[in-house]
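Participant: Numbering (this note's numbering), first residue to last: 13 to 306. Ideal Cβ positions, reconstructed from N, Cα and C, are used throughout, including at glycine. On a predicted model such as this, the values are computed, not experimentally measured, just so you know.
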Amino acid sequence: MTRRAMRLLAAAVLGSGLLLAAPAAAAAKTILFVGNSFTYGERSPVRRYHPERVTDLNGERIGGVPALFKTFAEEAGLDWTVSLETAGGRDLAFHLDTRLRLIDKPWDVVVLQGYSTLDAQRPGDPARHVAAAKALAGAFARANPGVSVRLVSTWSRADLAYRPGSVWSGKPIALLAEDVAAGNRLAAATSPRFGTPIPVGAAWTRAMRAGIADADPYDGVAFGQVDLWTWDHYHASTAGYYLSALVQFGAITGFDPRKLGATERAADDLGMEPALAVRLQQVAAEELGFSTAR
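1. Apart from the five residues just before and just after G126, which ones in its own chain have a Cβ nearer than 6 angstroms to its Cβ?
2. Count the other C-beta atoms from every protein chain shown that fall within 10 angstroms of the C-beta of T166, then say buried if there are 16 or more, exposed otherwise.
3. Under a three-way DSSP split, which group does E285 fall into?
4. Determine the DSSP secondary structure at I43, reduced to helix, strand or coil.
5. Near A215, what residues of its chain come up, given a Cβ to Cβ distance below 7 angstroms and the 5 sequence neighbours on each side ignored?
6. Classify Q293 as buried or exposed, calling it buried when 16 or more other Cβ atoms lie within 10 Å of its own Cβ.
7. Among the candidates F235, G150, A227, A144, whose CA atom is the shortest distance from the CA of H245?
8. Could you check whether A193 and G213 sit closer than 8 angstroms to each other, using their CB atoms as the reference points?
9. Can you name the start and end residues of the alpha helix (DSSP H) that T83 belongs to?
10. For W92, write down the residues that DSSP places opposite it in a beta bridge.
11. The beta strand (DSSP E) spanning L124 covers which residue range?
12. A70: buried (16+ other C-beta within 10 angstroms of its C-beta) or exposed?
13. Applying the 10 Å Cβ sphere with the 16-neighbour rule, what's the burial state of M18?
14. Would you decide whether W253 is buried or exposed? Buried here means 16 or more other CB atoms lie within 10 Å of its CB.
15. Does D68 get closer than 8 angstroms to chain C when you measure Cβ to Cβ?
16. Express the C-alpha separation of L148 and L26 in angstroms, rounding to a whole number.
17. Report the three-state DSSP secondary structure of R162 (helix, strand or coil).
18. Just checking, does the region 203-212 make contact with the region 271-286 on the three C-beta pairs under 8 angstroms criterion?
19. Report the residue from P184, S49, A85 whose alpha carbon sits nearest the alpha carbon of T42.
20. Less than 8 angstroms between the beta carbons of G76 and V58, yes or no?
21. Between T250 and S128, how many whole angstroms is the CB-CB distance? I'm expecting something under 8 angstroms.
22. If you drop the 5 nearest sequence neighbours on each side, which residues of the same chain put their C-beta closer than 7 angstroms to that of W92?
23. Let's see if you can read the secondary structure: which residues bound the alpha helix (DSSP H) around G262?
24. Ends of the alpha helix (DSSP H) at R197?
25. When you compare the CB positions of K183 and A173, do they come within less than 8 angstroms of one another, or not?
26. Kindly give me the distance between the Cβ atoms of K146 and A199, rounded to whole angstroms, as I take these residues to be in contact under 8 angstroms.
27. Using C-beta distances below 7 angstroms, list every residue in its chain close to P35, excluding the 5 sequence neighbours before and after it, in chain order.
28. Where does I210 sit, in a helix, a strand or coil, going by DSSP?
29. When burial is assigned at 16 or more other CB atoms within 10 Å of the CB, is P157 buried or exposed?
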């Protein structure tokens with residue numbers, strides 16, 4: 013069609029009162045992260061990492077793991093609108109009881125991260141965690157029947173494994189992460205809206221077994237290895253939160269974390285060695301079962 017013919021056609025359409033609709037852009041997917049300090053990156057620069065890229069529903073200007081997720085998504089060419097609602101030291105029952113009116117919206121994906129020992133008063137007991145996760149999933153499903161709810165299985169705490177006084181004292185470092193994962197599997201079985209729990213803790217354990225991360229920070233960090241915990245041996249270091257974000261991103265989007273590569277922007281922003289970023293991407297991909305062929 014010539015340009016003159018196109019102009020005549022446009023004029024005819026406008027003259028008839030009809031409007032030509034432009035192709036609709038694909039809507040961004042919405043995701044909400046609900047959790048505590050393990051989600052917002054306590055005791056690490058991750059906590060204040062680019063809060064402008066996400067929406068903190070509490071208005072606390074937190075970036076955290078959600079901002080890392082958003083950065084990865086942009087690098088991968090994926091359109092996600094990211095929100096978070098967090099409270100330090102709290103479990104899922106707290107968010108259910110006090111924040112439901114704030115978070116009860118039609119999200120596409122909701123990521124739930126509970127207390128590090130499942131129950132602060134009864135460490136290792138999954139009952140309170142399971143009940144709250146089920147109730148939250150029900151609320152999100154009523155707002156959007158197609159919602160996908162994902163539970164984050166967090167890492168083992170070195171302070172509980174290597175110091176006396178806990179049910180995990182003197183036990184293998186992987187055990188707490190395995191107990192949290194088991195609790196999440198129980199919770200996920202309560203509703204079809206739950207997807208497979210996200211194996212962050214298992215990825216930490218994999219990094220230790222692979223010799224990338226030191227398994228016992230109390231006896232010093234071995235040369236060539238990284239400490240995934242920060243100085244309290246409880247919360248994560250920058251590298252630990254980075255690995256957590258990689259696993260969550262890969263599990264939720266299906267994007268192979270290895271494709272982010274050595275020039276990945278968040279790692280550079282946080283001052284991480286490119287070689288370490290690549291090794292952590294490899295760990296995340298292996299834990300999520302991505303093919304060795306890329």
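Facilitator: Quick answer:
1. D103, L104, H141
2. buried
3. coil
4. strand
5. L255, V259, V295, A296, E299
6. buried
7. A227
8. yes
9. 76-88
10. K41
11. 121-124
12. Ala is not the amino acid found at residue 70; the sequence shown has Asn there. Per the 10 Å Cβ criterion, exposed.
13. Residue confidence is low: M18 scores 42 on pLDDT, short of 50, so the model does not pin down where it sits. Its coordinate-derived value is still stated next. Exposed.
14. In the sequence under discussion, the amino acid at residue 253 is Tyr, which differs from the Trp named in the question. Buried, because 16 or more other Cβ atoms sit within 10 Å of the Cβ of Y253.
15. In the displayed structure, chain C is absent; only one protein chain is listed.
16. Confidence is the limiting factor: at L26 the pLDDT is only 36, short of 50, which leaves the residue's position unreliable, though a coordinate-based value still follows. If I take the Cα positions, the gap works out to 50 angstroms.
17. strand
18. no
19. A85
20. yes
21. In fact, because the Cβ distance is near 18 angstroms, the residues do not count as touching under 8 angstroms.
22. A40, K41, I43, K82, A85
23. 250-265
24. 187-200
25. yes
26. 6 angstroms
27. Reliability fails at P35, whose pLDDT of 35 lies under 50, so the model's placement of it is uncertain and the value that follows must be treated cautiously. Taken in chain order, the list of residues that qualify is empty.
28. strand
29. exposed
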